[in-house]
């Protein structure tokens with residue numbers, strides 16, 4: 001059985017179920033049935049508005065965001081699907097702070113729920129820097145099914161990794 005790099009921390013039983021879906025060629029079908037809805041967030045300005053709506057609803061008192069954008073340089077292999085940055089600088093006698101959220105471009109084409117999950121994750125980092133209990137509580141507050149979305153996103157990434165193999169196999173098969 002090939003190791004599933006995005007599901008390393010999960011139980012062997014759960015990984016075996018995923019392997020069965022892969023071998024049956026049904027992983028993509030299961031994900032498409034579970035997450036059929038695409039989103040309309042295609043531009044950086046639309047993404048900024050989308051993130052701002054979540055921030056306004058759940059994190060009103062948090063520092064403002066100066067930039068939100070899709071970033072083609074973020075790679076799954078670098079274990080970064082989104083980033084949040086904070087830059088502080090002295091301007092006169094005041095300390096100015098700038099916050100940015102960058103989301104990997106793969107989320108332009110991903111199902112709507114996966115974009116929601118990564119946005120919730122990055123917004124939670126505004127309040128909680130570490131992946132601790134308070135961080136995950138905040139994620140679950142903003143998206144009650146956050147745990148399931150995170151797991152399904154890992155399935156989606158596994159499916160995307162398998163796509164080139166599927167194309168190669170279909171080119172070889174008569």
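In full-length UniProt numbering, the protein residues as written are 1 to 174. Each residue gets a CB set at the ideal place from its N, CA and C atoms; glycine is no exception. Treat the numbers as computed from the prediction; the structure is a model and nothing was measured.
field: As assigned by DSSP and simplified to three states, the class of residue 95
entry: On the chain shown, position 95 is the one that residue 95 refers to. Three-state result, residue 95: strand.
- request: To the nearest angstrom, report how far apart residue 43 and residue 112 are at their CA atoms.
  value: Translated into positions along the chain shown, residue 43 becomes position 43. Translated into positions along the chain shown, residue 112 becomes position 112. Residue 43 and residue 112: Cα-Cα distance of roughly 14 Å.
- request: Could you pull out every residue in the same chain whose Cβ sits closer than 6 Å to the Cβ of residue 142, ignoring the five residues on either side in sequence?
  value: Numbered from 1 along the chain shown, position 142 holds the residue referred to as residue 142. Excluding sequence neighbours, residue 142 sits near 58, 120.
- prompt: Where are the alpha helix (DSSP H) runs, 4 residues long or more, that stay fully inside the UniProt domain "YgjP-like metallopeptidase" (92 to 153), in chain order?
  reply: 112 to 127, 133 to 142
task: Might you give, ordered along the chain, the residues of its own chain that have their beta carbon closer than 7 Å to the beta carbon of residue 55, omitting 5 neighbours on each side?
output: As a first step, residue 55 must be located in the chain shown, where it is residue number 55. So the list reads 62, 65, 123, once near-sequence residues are dropped.
task: Would you mind sorting residue 131 into buried or exposed? The rule is 16 or more other CB atoms within 10 Å of its CB.
output: As a first step, residue 131 must be located in the chain shown, where it is residue number 131. Exposed, because fewer than 16 other Cβ atoms sit within 10 Å of the Cβ of residue 131.
Neighbourhood of residue 135 by C-beta, 6 Å cutoff - its chain only, sequence neighbours within 5 removed: Residue numbering aside, residue 135 sits at position 135 when the chain shown is read from its first letter. Excluding sequence neighbours, residue 135 sits near 124, 128.
task: Just the C-alpha distance for residue 30 and residue 99, rounded to the nearest angstrom, thanks.
output: For the purposes of this step, residue 30 is taken as residue 30 along the chain shown, with counting starting at 1. For the purposes of this step, residue 99 is taken as residue 99 along the chain shown, with counting starting at 1. Straight-line Cα distance between these residues: approximately 37 Å.
field: Pick from 161, 39, 92 that is closest to residue 110, judged by C-alpha positions
entry: For the purposes of this step, residue 110 is taken as residue 110 along the chain shown, with counting starting at 1. Comparing Cα-Cα distances from residue 110 to each of 161, 39, 92, the minimum goes to 39.
query: Alpha carbon to alpha carbon, how far is residue 157 from residue 144?
result: Indexing the chain shown from 1 puts residue 157 at position 157. Indexing the chain shown from 1 puts residue 144 at position 144. Distance between the alpha carbons of residue 157 and residue 144 is about 21 Å.
task: Determine the contact status of residue 102 and residue 138, defining contact as a CB-CB distance below 8 Å.
output: On the chain shown, position 102 is the one that residue 102 refers to. On the chain shown, position 138 is the one that residue 138 refers to. No, these two residues do not count as a Cβ contact at 8 Å.
- prompt: Does the beta-carbon distance from residue 153 to residue 27 come in below 8 Å?
  reply: As a working mapping, residue 153 is identified with position 153 in the chain shown. As a working mapping, residue 27 is identified with position 27 in the chain shown. Cβ atoms of residue 153 and residue 27: not closer than 8 Å.
message: Suppose only complete runs of 4+ residues qualify. What are the alpha helix (DSSP H) ranges in the segment 4 to 44, listed by chain order?
response: 12 to 23, 27 to 34
- request: Could you tell me which residues DSSP pairs with residue 71 in its beta bridges?
  value: Looking up residue 71 in the chain shown gives position 71. Beta-bridge pairing links residue 71 to 104.
query: Contact check, residue 107 vs residue 115 under 8 Å by CB: the rounded distance?
result: As a working note, residue 107 is residue 107 in the chain shown. As a working note, residue 115 is residue 115 in the chain shown. Their Cβ separation, rounded to whole angstroms, is 5 Å, which keeps residue 107 and residue 115 in contact under 8 Å.
message: On a Cα-Cα basis, can you pick out the residue from 3, 2, 10 that is closest to residue 148?
response: Taking the first residue of the chain shown as position 1, residue 148 is located at position 148. Ranking the options by Cα distance to residue 148, first place goes to 10.
message: Considering only the alpha carbon of each residue, which of 6, 33, 35, 2 lies closest to residue 23?
response: Position 23 of the chain shown, counted from the start, is the residue given in the question as residue 23. It is 2 whose Cα lies nearest to the Cα of residue 23.
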